[in-house]
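Note sheet for the following structure.
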Amino acid sequence: MASRTVNIIVRYAVASVGLFMIAFAIALAIKSNLGTAPLSCMAYVLNLDMPGVSVGTFTFLVNMLYILIQLAVLRRRFKAVHLMQVVASVLFGYMIDLSLWMLEWLEPAGFGIRLLLILAAAAVTALGTSIEVAANAWMVSAEMTVAAFSSTFRKEFGKVKMVMDSSVVVISALLAFIFFGNFFGSGEFTGLADVLLARTPGVVIGLGTLLMAFLPGYLMRFTDPLVARFSRRAS
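Residue 1 is where the sequence shown starts when you use full-length UniProt numbering, and the numbers rise one by one after that.
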């Protein structure tokens with residue numbers, strides 16, 4: 001019994017490390033100003049419109065919406081253990097705000113540095129997700145919602161995730177248009193180059209969003225075996 005308890009604690013601790021890495025990657029993407037990950041687009045655009053409420057707080061609120069969607073999709077298959085997502089969402093939101101505070105000093109100058117930040121964010125996201133999945137504990141609500149749709153409608157996880165990520169980006173773009181009069185963020189954009197090259201602050205949807213949508217999944221081909229190999233050695 002004691003060993004089982006220790007195993008659960010270790011799994012959740014490891015999953016929390018993965019969760020923090022994903023949160024830190026979101027902060028890196030935001031600081032790059034090239035556009036953030038689909039996972040955080042909605043929370044970031046809401047934060048830009050209401051800066052008194054943090055990105056982490058909006059992330060928590062969006063995750064609560066995801067849980068309601070899961071309830072509607074899974075119905076009786078929604079289990080009490082799934083409510084652990086609420087705890088994970090509180091932790092995740094706090095981790096995002098903490099990461100943004102840690103990176104408050106970072107003011108990248110030039111497209112090259114901004115692009116490096118996005119590439120680093122994609123790599124950290126891939127590694128964090130691999131760790132989170134390997135721990136088999138809690139996951140972010142967005143991924144759990146994808147899993148709910150995937151199991152209910154018997155569709156491939158990857159395809160469902162692509163549809164969901166695209167939908168979140170479209171909704172975020174519409175919110176940006178409602179709040180700021182453009183589809184990309186809070187800045188005053190005179191052309192596409194302003195978005196792609198981060199010439200104005202407040203870019204929510206841009207080149208970075210595209211890279212963060214596809215690169216982590218590709219990089220997980222390398223991080224998954226790496227994490228699996230480390231896990232075997234640790235056990």
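All residues carry an ideal CB built from backbone N, CA and C; glycine is no exception.
By a C-beta neighbour count over all protein chains shown, 10 Å radius and 16 as the cutoff for buried, is residue i buried or exposed?
i, result
"Thr209", "buried"
"Pro225", "exposed"
"Phe180", "buried"
"Ile178", "exposed"
"Phe184", "buried"
"Ser89", "buried"
"Asn33", "buried"
"Lys159", "exposed"
"Phe149", "buried"
"Gly187", "buried"
"Ile8", "exposed"
"Leu19", "buried"
"Val87", "exposed"
"Leu68", "exposed"
Could you pull the start and end residues of the alpha helix (DSSP H) that residue i belongs to?
i, result
"Ala37", "Where Ala37 is concerned, there is no enclosing alpha helix (DSSP H), given that its DSSP letter is neither H nor E."
"Glu132", "111-135"
"Glu143", "141-153"
"Phe179", "157-180"
"Thr59", "55-74"
"Ile92", "Note that residue 92 is Phe in the sequence shown, not Ile. Unbroken alpha helix (DSSP H) run through Phe92: 84-102."
"Val195", "192-196"
Per the DSSP calculation, residue i is bridged to which residue(s)?
i, result
"Val203", "Gly185"
Using the C-alpha atoms, what's the distance from residue j back to residue i?
i, j, result
"Thr5", "Lys79", "21 Å"
"Val140", "Lys31", "22 Å"
"Ile205", "Gly52", "21 Å"
"Ala126", "Val81", "25 Å"
"Pro108", "Ala72", "43 Å"
"Ser40", "Thr59", "7 Å"
"Gly128", "Leu106", "22 Å"
"Thr36", "Arg229", "30 Å"
"Phe189", "Val203", "9 Å"
"Leu103", "Val17", "18 Å"
"Thr145", "Leu207", "25 Å"
"Ala134", "Ile171", "31 Å"
"Ala123", "Val168", "22 Å"
"Asp49", "Arg233", "47 Å"
"Gly191", "Leu211", "20 Å"
"Met162", "Leu219", "16 Å"
"Ala23", "Ser3", "30 Å"
"Thr223", "Ser166", "24 Å"
"Pro38", "Ser231", "29 Å"
"Asn182", "Arg11", "43 Å"
"Arg221", "Ile118", "19 Å"
"Ala198", "Asn136", "38 Å"
Comparing C-alpha positions only, which one of the options sits nearest to residue i?
i, options, result
"Ile113", "Phe60, Ser16, Leu28", "Leu28"
"Arg154", "Leu74, Leu196, Glu132", "Leu74"
"Ala193", "Ala120, Phe111, Asn136, Leu19", "Phe111"
"Ser54", "Leu98, Val14, Thr36", "Leu98"
"Tyr66", "Gly191, Asp49, Gln85, Gly185", "Gln85"
"Ser46", "Asn136, Leu175, Ala137", "Reading off the sequence, residue 46 comes out as Leu, not Ser. Comparing Cα-Cα distances from Leu46 to each of Asn136, Leu175, Ala137, the minimum goes to Leu175."
"residue 236", "Glu188, Phe183, Val14", "The requested residue 236 does not occur in the structure, where the chain is confined to residues 1 to 235."
"Met64", "Leu83, Thr36, Ala121", "Leu83"
"Met21", "Gly185, Leu34, Ala121", "Ala121"
"Ala142", "Phe92, Glu188, Leu119", "Phe92"
"Ile96", "Leu48, Gly187, Tyr44", "Tyr44"
"Trp101", "Gly56, Ala147, Ile69", "Gly56"
"Gly217", "Thr200, Phe157, Leu196", "Phe157"
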